[in-house]
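Just below is one structure, and these are the notes that go with it.
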Amino acid sequence: MSFGKGHNLHLIDGSAFIFRAYHALPPLTRKSDGLPIGAVAGFCNMLWKYVTDEKGSDAPTHAAVIFDHSSKTFRNDIYPEYKANRPELPEDLRPQFPLTREATRAFNIACIETEGYEADDIIAALSCKARDAGGRVTIISSDKDLMQLVGGGVEMLDPIKGKPIGPEEVEEKFGVGPERVIDVQALAGDSVDNVPGAPGIGIKTAALLINEYGDLENLLANAEQIKQPKRRQTLIDNADLIRISKSLVTLDCDTPLDFTLESLEVRDPDAEALLGFLAQMEFRTLTGRVAEKLGAEAPVISATPVAPSAGGAGSAPAGAPDFPQIDRAAYQTISDAETLAAWIDDIREVGYVAIDTETTSLDEMQAELVGISLATRPGHAAYIPLAHVAGEADLFGGGALVEGQMDAEAVLAALKPVLEDDAILKILHNAKYDYKILARQLRDRGGIHLSPVDDTMLMSYALYAGAHNHGMDELAQNYLDHKPQPIKDLIGSGKSQISFAQVPVAEAAGYAAEDADVTLRLWEVFRPRLMSQAVTTAYQTLERPMIPVLAAMEREGILIDPQHLSRMSGAFAQKMAQFEDEAQELAGTKFNLGSPKQLGEILFEQMGLQGGAKGKSGAYSTSADVLEDLAAEGHNLPARVLDWRQLSKLKSTYTDALQTHVNPDTGRVHTSYSITGAQTGRLASTDPNLQNIPVRSEEGRRIREAFIAAPGKKLVSLDYSQIELRILAHVADITTLRQAFKDGIDIHAMTASEMFGVPVEGMDPMIRRQAKAINFGVIYGISGFGLSRNLRIPRAEAQAFIDTYFERFPGIREYMDKTVGDAKRDGFVRTLFGRRINTPNIDAKGPAAGGAKRAAINAPIQGAAADIIRRAMIRMPEAINGLPAKMLLQVHDELVFEVREDAVDDLIMAARAVMENAAEPAVKLSVPLVVDAGVGDNWAEAH
DNA sequence: GTTATCACG
DNA sequence: GACGTACGTGATAACA
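The first sequence maps to residues 742 to 1684 in the working numbering.
And the structure:
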């Protein structure tokens, strides 16, 4: 039956519900995993209240909840500043948006949103359509922007007051009837939506003018006749702005709708679906209430956090989705506009898409895009070849473009709206890579800004850090029982390796589409586990937001002075040659100083020195420790070798290698940060590693002089002071340590004073050094052996120190015991911020047992420090927005910025505030975080 | 590819 | 009582 007379359509303003719910309720979180859930709870309560309210003759025959789709709409084309001064969404609200959609569907109410339009436009179009069909409409909202729709069978209902809003109420509010509301709004403007209007004219004046002149056009046409001179001038001067304002506030009845009114017919809720959703959200009260009303049994909601053993580290997916077999031959190759359009429609229909890009290089700064693959359902994937070339590779990487490929720019232009659409989730594996590649495409149109993104690599990391690595092939084996085709099959390896652009399209399509398919499948496996394993918050707040932040830092890079490096290389080479001669003279034979094997034989066999110890590989150890001991006994050869080794290291790893990493286009070095490289949440830096640039030795530190600021700029380094010890003081709750940090006392001196009963004033530096070593040892899971080696004191003495330490700080021992106990019981430990680090070896027997315990003790401390600097980095772009400054590097507890000289102080102030407050509001630390700052023309000066 | 060594926090 | 050990990384050269 078609919609018409006697029918009543209810339109619920979903976004208004969400914001009302969010602000009305305290920041509730789900008990089992801390997922922010307050807005969803309020939203569900409002929907339930709406559903169960006695409406009598107003009961709807048709109903829908309408949501805003994305922040950008056609209004931004008319007036770019529209809604531009809206504050950023609170960080705990955004992840709740998709859940409110799920909630709506769980209530079995139609859920509507359309790209490029606001909810208000859809509500307008639906209202017009229903009214024209002879039906009645009730808009559940109190938004004044919707009041222009009232009349002719359309009415509004304030959901909080339960009060109807008809033409009289509208006139009360605007001073004019509904049909003239847009004229008043155009004149008065709206500071919330950033609609300009006419300056100095508010609703009262606007209504007065409209009532006098009939409508806006007539008013503007006769503006000269206005008596008040100021008002007259304002209207004449701002006529254009007023007309733009009118087009901004006008809701269009012709907004395209891709569904019928009939499809909105009211349906009874499905008890199982609704209760399932509410139980998943752990809304106990509402679940009970709904179950009672629907006469169904309430599902059990466990009172405690999810049992940690369920689906634990690396276990096979119990109840994993039943996927079709992977068949590389079944994937499509997209080579015409029609097929591409069909895929884009499919993506919009599904609301998400797995994507993978194929390129010519692993270096995102240089790689050229070769093709893109898409997947929307397991087994349903396609490859779009864009830049495959034919024939033998010449010096420039190949011949002419292969036939049958679409124009790359046209494809990217078609995909850009999808890739940037707030409502379409892009699923990738290692999204940072593709994000950087896509940012470099369509440059004349500002690049492609991939968002929003789910990253299966980061999901795996949130779930299984410590259990295994997170490469796609490894995950596919573990969780899909499938071995993806190795890239080597296509491009070979070593010297004969070819570029992906040279791979024949047919072969490339199978490989590339498989990657997208696998990514999609992994996502379906991991997605429910994030919640059940209580790592959703960690994933959402600590992993996913790192992608754009790190991408920006990596693309920026840091400026290098290659001449400084090359001068140092030359100097090192000279000295090394000298050391080499001396060493060979002392040895009495020519040998390779870089060969530990040859050196060991010379030292411990030919020369017969004592202290030679063979490791499990049967080779003598010639590590610095051993050589230092020998040198201390007065042997010259080990001393020369040590000198040589230091320079060799500095030259090969730094002064030589760094030069090769300078990007020819930018003149800068662009490292790549691995988000999942370290088990604890720390980043890892590769190609080159800029987190281990020398600083401890004088010669080494000079390498930092080659890291420079561009002309007119400075490098600024900000680093956390003692962050891990502060975290220890907080988590182990050691009163004396906490107080010392609060008072800003030298923490190592304080420790020594507590342990040995000596005053801090005038302390022997040796005693302080020992206390410092113990403090660090504690963080690492101390042992008498380790401390004795570090301090070069007898083991019994080291053990006595440790015993004294634990006597004085019993809380530390309790913390360590508790952490190991947690690890044994759960198979993982957590940081203060909910990051999970799995401890699969905690029950190991033999030598590995001690190592696993120490790793478990260290992980929450090192991990919390990593979480804190991540939180700071995620907030940094916003905090320094507007300053001529860029964040360039992260070195675990240090951030390096490049700043225009005149803004150094502002940058330090802003960045320091972010860093020192980075734990909040998630965690209120009982110790202050302190950040030290340094400034210079190079990194050595700044550090 | 694995091992030894050493650079960093 | 012995085991072997500080926690977390990445790059390089030698060697197999």
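A virtual CB, placed ideally from N, CA and C, is assigned to each residue, including glycine.
Handout entry: Cβ pair count under 8 Å reaching 3, the region 1270-1289 against the region 1190-1209
Key = yes
Handout entry: Separation of Arg1571 from Pro1049, as counted between CA atoms
Key = Its pLDDT being 37, under 50, Pro1049 is placed unreliably by the model, and the measurement read from it follows with that caveat. Answer to the nearest angstrom: the Cα atoms are 12 Å apart.
Problem - Coil, strand or helix - Met1614 by DSSP - result: helix
Handout entry: Three or more C-beta pairs below 8 Å linking the region 1371-1383 and the region 1403-1419
Key = no
Exercise for the section: Would you mind giving the Cβ-Cβ distance between Ile922 and Val911, rounded to the nearest angstrom? I have them listed as a contact below 8 Å. Expected result: According to the sequence as given, residue 922 is Val; it is not Ile. Confirmed, about 6 Å.
Handout entry: Candidates Tyr1252, His810 and Gln1238, of which the one nearest Ala1164 by Cα
Key = His810
Exercise for the section: Report the residue from Leu776, Cys869, Ala865 and Ile881 whose alpha carbon sits nearest the alpha carbon of Ala757. Expected result: Ile881
Handout entry: contact_flag[the region 1470-1487, the region 1555-1573] where n(CB pairs < 8 Å) is 3 or more
Key = yes
Practice task
Could you have a look at Phe808 and say whether DSSP puts it in helix, strand or coil?
Solution key: Here Phe808 sits in coil by DSSP.
Handout entry: Cβ contact check for the region 766-783 and the region 864-884: 3 or more pairs under 8 Å
Key = no
Handout entry: One or two residues paired with Phe1638 in a DSSP bridge
Key = Val1457 and Met1628
Exercise for the section: Could you tell me if Asp1230 is buried or exposed, where buried requires 16 or more neighbouring beta carbons within 10 angstroms of its beta carbon? Expected result: That one is exposed.
Problem - Which of helix, strand or coil DSSP assigns to Leu890 - result: helix
Practice task
In angstroms with no decimal places, state the Cα-to-Cα distance between Ala1057 and Asp1097.
Solution key: Unreliable positioning characterises Ala1057 in this predicted model, as indicated by a pLDDT of 42, which lies under 50. The coordinate reading is nonetheless provided below. Taking the straight line from one Cα to the other gives about 25 Å.
Exercise for the section: Tell whether a beta-carbon distance below 9 Å holds between Thr1260 and Ile1113. Expected result: no
Handout entry: Whole runs of the beta strand (DSSP E) within the region 1168-1238, excluding any shorter than 3 residues
Key = 1194-1196
Exercise for the section: Verify whether the separation of the beta carbon atoms of Glu965 and Ile977 is less than 9 Å. Expected result: In contact: Glu965 and Ile977 (Cβ atoms closer than 9 Å).
Handout entry: DSSP-derived helix/strand/coil call for Asp899
Key = Reduced to three states, the DSSP call for Asp899 is strand.
Exercise for the section: With DSSP as the reference, please indicate the residues paired to Tyr1414 in a beta bridge. Expected result: Ser1426
Problem - Same chain only: Cβ atoms within 7 Å of Asp1419, ignoring 5 sequence neighbours per side - result: According to the sequence provided, residue 1419 is Ala. The question's Asp does not apply to it. Taken in chain order, the residues that qualify are Ala1425.
Exercise for the section: Sort out for me which residues DSSP pairs Leu1142 with in a bridge. Expected result: Val1130
Practice task
Answer with buried or exposed for Pro1046, where buried requires no fewer than 16 other C-beta atoms within 10 angstroms of its C-beta.
Solution key: Summary for Pro1046: the model assigns pLDDT 44, below 50, so the residue's position carries little reliability, and this model does not support an answer.
Practice task
Please report the residue range of the alpha helix (DSSP H) in which Glu1099 lies.
Solution key: Where Glu1099 is concerned, there is no enclosing alpha helix (DSSP H), although the beta strand (DSSP E) it sits in stretches over Tyr1093 to Thr1100.
Problem - Boundaries (first-last residue) of the alpha helix (DSSP H) holding Pro1245 - result: Here Pro1245 belongs to no alpha helix (DSSP H), and DSSP marks it neither H nor E.
Practice task
Could you please give the first and the last residue of the uninterrupted alpha helix (DSSP H) stretch that includes Leu788?
Solution key: Gly779 to Thr793
Practice task
Could you check how far apart the C-beta atoms of Ala1490 and Arg1509 are, in whole angstroms? I think they sit under 8 Å.
Solution key: 5 Å between Cβ atoms; contact.
Handout entry: Pick from Gly1591, Ala1596, Val1246 and Leu1630 that is closest to Ile1610, judged by C-alpha positions
Key = Leu1630
Exercise for the section: Assess, as a yes-or-no matter, whether the region 1019-1029 is touched by the region 983-993 under the definition of 3 or more beta carbon pairs within less than 8 Å. Expected result: no
Handout entry: Residue range of the alpha helix (DSSP H) that includes Pro908
Key = Pro908 to Phe915
Practice task
Look up Asp1384 in the DSSP assignment and say whether it is helix, strand or coil.
Solution key: helix
Handout entry: Ser1667 versus Ile1468: straight-line alpha-carbon distance, rounded
Key = Straight-line measurement puts the Cα of Ile1468 at about 9 Å from the Cα of Ser1667.
Handout entry: Sequence-distant residues of its chain with Cβ nearer than 8 Å to Ala1354 (five each side left out)
Key = Leaving aside the five residues that flank Ala1354 on each side, the residues in its chain whose CB is nearer than 8 Å to its CB run, in chain order, Tyr1361, Ser1362 and Val1367.
Exercise for the section: Give me whichever residues DSSP pairs with Ile881 in a beta bridge. Expected result: Ile753 and Leu898
Handout entry: Classification of Leu1103 by the beta-carbon crowding that lies within 10 angstroms, buried from 16 upward
Key = exposed
Problem - Delimiting residues of the beta strand (DSSP E) encompassing Ala710 - result: In this structure the chain extends from 742 to 1684, so residue 710 is not present and cannot be described.
Handout entry: Rounded separation between Lys902 and Asp1487 - CA only
Key = 60 Å
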